[in-house]
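Reading through the structure tokens given below for one structure.
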Amino acid sequence: MGHETLAMKLGLANIKRLLERLGDPHKSYFVIQIAGTNGKGSTAVMLDSVCRRASLNTGLYTSPHLISLTERIRIKSSEIAPADFARIATLVRREAEAMQMESGALPTFFEQVTAIALVAFRECKVDLAILETGLGGRLDATTAAQAATIAITPISIDHQEHLGETLAQIAAEKAAVIRHGATAIIAPQQAAAREVIERRCRDERVTPRFVSDAVILKGMCDDERLRITIKTDQDVYEDVCLGLRGKHQTVNATVAVALAESLRARGFAVSHSNITEGLEAARHAGRLEKITRGAQTYLLDGAHNADGAQSLRAYLDEFIRAPVTVIFALMRDKDLQSIAQSLFPVARRLIFAQIENPRAATPEMLARAVPSAAGSSKITLAPNSAEALRIARESALPGELICVTGSLYLVGEIRDLLNSGADQNR
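In terms of this note's numbering, the sequence shown opens at residue 2 and continues consecutively.
Below you can see the structure in the form of structure tokens.
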């Protein structure tokens with residue numbers, strides 16, 4: 002299918018032709034598309050959890066993956082079987098190569114994986130598919146699935162090289178997923194983004210549901226999870242222990258609740274208890290995820306832009322009293338200065354790791370770019386994730402937290418090492 006990071010070509014013509022050749026699989030089930038900057042995956046995971054509590058046969062498509070490509074495609078919470086993925090991928094590749102022979106245009110990696118997901122969902126006869134937008138919205142492959150219900154999570158600055166330099170330009174790319182006849186659920190937005198979304202809704206004659214931030218923080222549940230009450234214009238969901246950590250997840254939860262209520266309005270049997278239980282059961286690997294190995298605790302979070310870094314910093318400030326070692330990697334096109342200003346001052350030690358991605362900044366580049374943002378932190382450069390993990394583990398003080406962040410690719414590599422036993426004390 003080609004390399005993911007080297008095969009990015011924005012546009013819908015190829016994916017539409019590919020889906021046509023595959024029999025338009027997305028027309029076999031109800032489709033929900035979730036766009037936005039931060040929180041898309043978490044919102045999708047929460048909604049999927051709610052729908053499964055309602056005994057709905059769900060398909061979930063998210064990106065990127067942490068360890069295995071099959072993570073991106075889940076049916077009733079289970080990853081697609083490797084054999085099924087390979088079989089459908091062969092079918093999709095055959096059609097993609099036929100397209101290339103006819104027109105010279107080979108569908109990209111993301112287009113082909115999206116097609117694999119949509120075909121897999123048809124084979125499994127899902128009731129509904131939840132699709133996380135990959136990049137932007139207007140020209141993203143998931144938009145070709147013509148979702149009946151669309152959500153937009155909070156929009157902020159990210160991927161400027163593809164989406165535009167200003168918040169309004171980025172919002173326009175994401176708001177373009179809204180189309181006439183669809184239900185639109187919109188998270189709280191900055192003024193410039195909201196104005197763009199409202200204009201798109203007027204143009205498409207769509208009446209959006211703007212989700213309020215009517216969340217009451219009630220306290221804490223076990224393991225640093227928030228207990229909240231969510232009030233909507235339809236119901237009150239009291240004393241919910243969110244399955245996902247962090248105050249920023251309250252916004253994602255309100256969007257997931259609004260989506261669930263919109264499904265109920267469309268005839269899906271989603272009850273009050275399905276919603277509360279689904280929010281509590283939701284889990285999302287690599288997003289404020291805690292892993293304990295022996296006496297050592299790791300916090301894995303894929304924060305890779307300014308807003309994500311601020312959310313992670315807020316969590317660390319509120320809940321972590323121990324010293325912190327940060328293992329960090331970042332793509333070259335990200336706003337390192339903003340992320341560094343939020344995260345690096347909390348670190349006793351910073352370890353810049355080289356990861357296996359051609360877009361990644363080298364540890365040397367990171368060290369040169371932020372000599373002052375680290376404050377009094379000790380900086381160490383590591384040639385790979387395994388060495389970064391070894392250094393962190395061997396230099397950690399008793400009770401110290403090892404936080405892995407800056408890139409989901411780094412989180413995936415470290416998570417794989419932890420799960421494979423590479424973290425064992427020597």
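Cβ atoms here follow ideal geometry from the backbone N, Cα and C, with glycine treated the same way.
On a predicted model such as this, the values are computed, not experimentally measured, just so you know.
- When DSSP states are grouped into helix, strand and coil, Gln34 belongs to the strand group.
- Gln297 sits in a strand when the DSSP states are folded into three classes.
- Excluding its 5 nearest sequence neighbours in each direction, Ala142 has C-beta neighbours in its own chain below 7 Å: Ile16, Phe111, Glu112, Thr115, Gly135, listed in chain order.
- The Cβ-Cβ distance between Gly309 and Pro65 does not fall below 9 Å.
- Taking C-alpha positions only, Met102 is separated from Arg88 by approximately 22 Å.
- By the Cβ rule, the stretch 77 to 95 does not count as touching the stretch 284 to 297, because fewer than three pairs are nearer than 8 Å.
- Shown here, Ser421 sits in a helix according to DSSP, grouped into three states.
- Only residues of its own chain outside the window of five on either side were considered, and among them Gly413, Arg416, Asp417 have a CB closer than 7 Å to the CB of Ile68, listed in chain order.
- Looking only at Leu411, Ala106, Glu205, the smallest Cα-Cα distance to Gln355 is reached by Leu411.
- When beta bridges are read from the DSSP output, Glu98 appears opposite no residue.
- Phe329 sits in a strand when the DSSP states are folded into three classes.
- Beta-bridge annotation (DSSP): Lys291 is paired with Leu300.
- Selection Ala315, Arg369, Pro324 evaluated against Ala393 yields Pro324 as nearest (Cα-Cα).
- About 5 Å separates the Cβ atoms of Pro108 and Ala97, confirming a contact at the 8 Å cut-off.
- In the DSSP assignment, Lys379 is bridged to Arg350.
- The stretch 244 to 275 is shown to contain whole alpha helix (DSSP H) runs of 4 or more residues at 250 to 266, in chain order.
- If you draw a straight line from the Cα of Arg314 to the Cα of Cys404, it is about 11 Å long.
- The stretch 297 to 307 and the stretch 395 to 404 touch, with three or more beta-carbon pairs separated by less than 8 Å.
- Counting along the chain, Gly309 sits inside the alpha helix (DSSP H) bounded by residues 307 to 320.
- Our two residues, Val241 and Gly40, have alpha carbons roughly 19 Å apart in a direct line.
- No Cβ-Cβ contact shorter than 9 Å links Met47 with Ala194.
- Approximately 6 Å separates the beta-carbon atoms of Ser263 and Ile186; this is inside 8 Å, confirming the contact.
- In the three-state reduction of the DSSP assignment, Leu218 falls in the strand class.
- The alpha carbon of Ala254 has as its nearest neighbour, out of Gly279, Ala270, Ser312, Arg322, the alpha carbon of Gly279.
- Out of Arg246, Ala90, Val252, the CA that lies nearest to the CA of Leu70 is found in Ala90.
- Per the Cβ contact rule, the stretch 174 to 188 is in contact with the stretch 143 to 151 (3 or more Cβ pairs under 8 Å).
- Per DSSP, the continuous alpha helix (DSSP H) segment holding Gly42 begins and ends at 41 to 54.
- When DSSP states are grouped into helix, strand and coil, Ala286 belongs to the coil group.
- Annotation: Tyr316 to Gln342 spans about 15 Å, alpha carbon to alpha carbon.
- The DSSP-derived three-state label of Asp236 is coil.
- Counting only the Cα atoms, Asp49 lies some 18 Å from Ala146.
- Boundaries of the beta strand (DSSP E) around Ala152: 150 to 153.
- Bridge partners of Gly60 according to DSSP: Ile76, Ala130.
- A straight line joining the alpha-carbon of Ala283 with that of Gly105 spans about 43 Å.
- Residues Leu227, Arg228 of the same chain have their beta carbon placed closer than 7 Å to that of Met221, with the five preceding and five following residues left out of the count.
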